[in-house]
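First comes the structure, then the notes that go with it.
Residue numbers (the working numbering): 155 to 300.
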């Protein structure tokens with residue numbers, strides 16, 4: 155874990171992540187409804203994971219799917235309800251974008267329903283040419299994203 159300030163730590167280690175807390179939050183989110191614990195566990199095992207910890211308790215989480223050169227997709231970003239409004243989402247995103255192995259990734263993407271202003275602070279913008287993007291969704295994804 156990396157010390158951000160006295161009582162705030164940042165981690166990239168799978169073993170530090172509180173899977174029960176993460177799953178508990180995500181299964182209630184608009185994007186994670188319907189996920190099973192096993193699906194969330196597998197997703198965490200196959201991505202880079204990032205957490206913020208306040209007094210050793212996990213308060214924020216995010217994952218990144220990436221090849222570490224050309225493309226990275228930021229997802230499952232959240233701060234627990236009781237810790238919102240304290241700037242932790244900005245700290246988390248800033249730390250992720252400055253991890254040495256991700257710092258020079260050519261293109262980042264993410265999907266958000268309501269946090270555009272947060273991500274704009276870090277240079278994210280609406281897709282310039284959406285007609286170039288395609289997607290394939292199963293029935294579960296269609297319920298969430300359409």
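Note that the Cβ used here is the ideal one computed from N, Cα and C, for glycine as well.
For this session: Taking all protein chains shown into account, decide if residue 200 is buried (16 or more other Cβ within 10 angstroms of its Cβ) or exposed.
Result: exposed
Problem set entry | Same chain, Cβ closer than 6 Å to residue 225, neighbours up to 5 away in sequence not counted | 261
For this session: Output the distance between the C-alpha atoms of residue 175 and residue 203, rounded to the nearest integer angstrom.
Result: 14 Å
For this session: Decide if the stretch 202 to 217 is in contact with the stretch 240 to 247; the criterion is three or more beta carbon pairs, one per stretch, under 8 Å apart.
Result: yes
Exercise. Does the beta-carbon of residue 241 have 16 or more other beta-carbons within 10 angstroms, so that it is buried, or is it exposed?
Worked result: exposed
Exercise. For residue 271, which three-state DSSP category applies?
Worked result: helix
Exercise. Taking just the CA atoms, how far does residue 286 sit from residue 299?
Worked result: 18 Å
Problem set entry | Buried or exposed by the 16-neighbour rule on C-beta atoms within 10 Å, applied to residue 293 | exposed
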